[in-house]
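Step one of this worksheet: look at the structure below.
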Amino acid sequence: MRSETLAKLREDTPFDLLIIGGGATGCGLALDAATRGLRTAMVDRYDFAEGTSSRSTKLLHGGVRYLEAAVKKLDKAQYNLVKEALHERGATLKNAPHLSRPLPLITPLYSWFEVPYMFTGLKMYDWLSGKMNIGKSKLISAAEAKKRYPMLKSKGLKACVLYYDGQFVDVRMAVSLAMTAEREGAVVANHVEVIDLLHDEAGKLVGATLKDRVSGDTWDVKAKKIINATGPFADGIRKMDHLDAQPILKVSSGIHLIVDADFVPPDGGLLIPKTDDGRVLFILPWQGQALIGTTDNPANVTDHPEIDDKDIEYLLDYVHRYFDVKLSPSDVKSAWSGIRPLVFNPEAKGTAELARDHVIIEDPSGLVTISGGKWTTYRFMAQQALDKIVADGSYPSAKPCSTHDMKILGAENYSERTVDELVKSYGLPADVADHLNHNYGDRSVEVAKIAKDKGLEARLNPNYGVIEGEVLYTVEKEAAIHAMDFLVRRTTLALIDQKAAEEALPRVVELMAEALGWDDVRKATETSMAKERFERAL
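Numbering that gives the first Met the number 0 applies: residue 0 is where the sequence shown begins, and numbers increase by one.
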């Protein structure tokens, strides 16, 4: 429970490591550090993955685009980046099978020149993945492509290249990583903000002042080392450490749309490798819906970036170029915008040219900042950062990294056959059972038992498999504190259908109020906070 977590954060014993940021990188760091035997704390001023890490394209990928750049420019660094990412893609698919899967994608080709070029490039993509390869690329004819994707426009279509990447549920991955880190001994706290950094007389970091954003309480925590893993907010933390810190990031924004799955084929995705302005466009099946993304525009850092209607029109225009479908803004069931932290390169002409690589910097105070990168390489980034930290001998008892083959919470005994058990033993509909199994893995039986024992088997919306019992489970086991924690990041209901989530909100607030002892004022506040997010930005 939250009170126990906060009590641990208030203990006098210094932490070996305080991690600021509970996104992909922060959660990966917390798990790695805890399994090395370091006394670890991780805090985030919002919820786990409430920022950039919940607003991805939901792909585990090496980066086809980066491979092309590596070959064209003979860039060994980009080449290695792709190779590392493909390896990590395979590791994540093995370590979180309930939350991830291989996904076939096709790229339509409208020039005969493109056919050997793209096919050769994707064969190299396969080769670079080595023993972590998840499927072989192949050419398919225009006729076969039309059978697979009947809505694909056939005018001028020469052929298609089919290849494989991974797909996952980013919000569930972050929460599961955080809870796995907690199981391994880390203290992980959402909605706890770092409001100041503490230095000794020599200017070295010795801790931080924390604020519980729920109660308003503040206190100091001591730590031997602090890691700044705040994504696009990394420069802000560095300036909190020393005002003259120079920026290391540029940021861009990208939006994604969700439309009904009927608008695109359900068995695979589509990649447009280069739009008129040099961007990459994906149309993917995700969580029973169709995901369309993304844009890439210069941006300012903000907590909850809002969506420009022009970006929605831009994405829908490209859908119409490649598919014989009619989509309008009214067909959009949900949308979100994310801020991408890109490693600063003053010579780059635009954000589309910036590599999504990461950097690890240690300032004179001892503050370690890790920024850039992407979800696919979160584990490897954490390993690199911690290897660097322990290399100076400050933590002589630290164990080597062990996360490469570590299954995350929910994956240890995960089986597709659990769906049958949930149907037979708990009387759940098949779609509810399937949802629980993929959302919680081997913990799904525990969720089902809570639902049955408490009489909370009812759906929160008739069109989806999310049930009332999940609210209680995520409050007790996954640190859900606000209604939007549940609707956006413990389940994906708000991400795939905002209207359905709004309709479920009153019942979610009621259930959380019962579990957490909220009074009428707190219930009204929760409802108001959620409505603001629905109206402005998820």
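Backbone N, C-alpha and C fix where the C-beta goes; we use that ideal spot for every residue, glycine too. Just so you know, these numbers come straight off a predicted model, no measurement behind them.
By Cβ distance, which residues of its chain are closer than 6 Å to residue 89, with the 5 residues on each side in sequence left out?
131
Count Cβ pairs between the region 199-210 and the region 67-79 that sit closer than 8 Å; are there 3 or more?
no
Determine the closest residue to residue 422 out of 224, 358 and 443, with distance taken between C-alpha atoms.
443
CA-CA distance, residue 39 and residue 33?
6 Å
Could you tell me whether the Cβ atoms of residue 47 and residue 99 are closer together than 8 Å?
no
What do you get for residue 133, buried or exposed, if any count of 16 or more other CB atoms within 10 angstroms of its CB means buried?
buried
Where residue 7 sits in the DSSP three-state scheme
helix
Inter-residue Cα distance where the pair is residue 365 and residue 197
11 Å
Please list, in chain order, all residues of the same chain as residue 533 whose beta carbon is under 7 Å from its beta carbon, the five residues on each side excluded.
497 and 501
Backbone CA spacing between residue 79 and residue 165 [nearest angstrom]:
19 Å
Between 324, 174 and 191, which lies nearest to residue 209 when the distance is taken from Cα to Cα?
191
Strictly under 8 Å for the Cβ-Cβ distance: is residue 25 near chain D by that measure?
Absence of chain D from the displayed structure is noted, only one protein chain being present.
Rounded straight-line distance, which links the Cα of residue 314 to that of residue 3
46 Å
On the three-state DSSP scale, how would you describe residue 294?
coil
Residue range of the alpha helix (DSSP H) that includes residue 240
233-240
My guess is that residue 150 and residue 322 are in contact by the Cβ rule of under 8 Å, so how many angstroms apart are they, rounded?
5 Å
Residue from 478, 493, 499 and 537 whose Cα sits closest to the Cα of residue 188:
478
Output the distance between the C-alpha atoms of residue 111 and residue 127, rounded to the nearest integer angstrom.
25 Å
Any idea what DSSP makes of residue 246, helix, strand or coil?
coil
Could you check where the beta strand (DSSP E) with residue 102 kicks off and where it finishes?
99-108
Looking only at its own chain, which residues have a Cβ that is under 7 Å from the Cβ of residue 153, when we skip the five neighbours before and after it?
141 and 145
Which ranges would you report for the beta strand (DSSP E) in the region 103-182 if only whole runs of at least 3 residues count?
137-140 and 158-167
Use the C-beta contact count for residue 415: other C-beta atoms within 10 angstroms, 16 or more gives buried, fewer gives exposed.
exposed
Helix, strand or coil, according to DSSP, for residue 299 in the structure here?
coil
With DSSP collapsed to three states, give me the class of residue 263.
coil
Straight-line Cα distance separating residue 332 from residue 65
31 Å
Determine the direct distance from the alpha carbon of residue 504 to that of residue 129, and round the result to whole angstroms.
46 Å
In DSSP terms, what residue 30 is bridged to
According to DSSP, which records beta bridges pairwise, residue 30 is partnered with nothing at all.
From this set, 285, 278 and 240, which residue's C-alpha is nearest residue 258's C-alpha?
285
For the ligand GTP, is there a heavy atom less than 7 Å away from the beta-carbon of residue 59?
Questions concerning the ligand GTP fall outside what the structure shown contains, since it holds no ligand whatsoever.
Looking only at DSSP bridge pairs, what is residue 39 linked to?
16
I need the straight-line Cα distance from residue 82 to residue 137, nearest angstrom please.
20 Å
Classify residue 379 as helix, strand or coil using the three-state DSSP reduction.
helix
Element boundaries [beta strand (DSSP E), containing residue 192]
191-198
Quick one, are the C-beta atoms of residue 87 and residue 375 less than 8 Å apart?
yes
For residue 520, count the other beta carbons within 10 Å of its own beta carbon; 16 or more makes it buried, fewer makes it exposed. Which is it?
exposed
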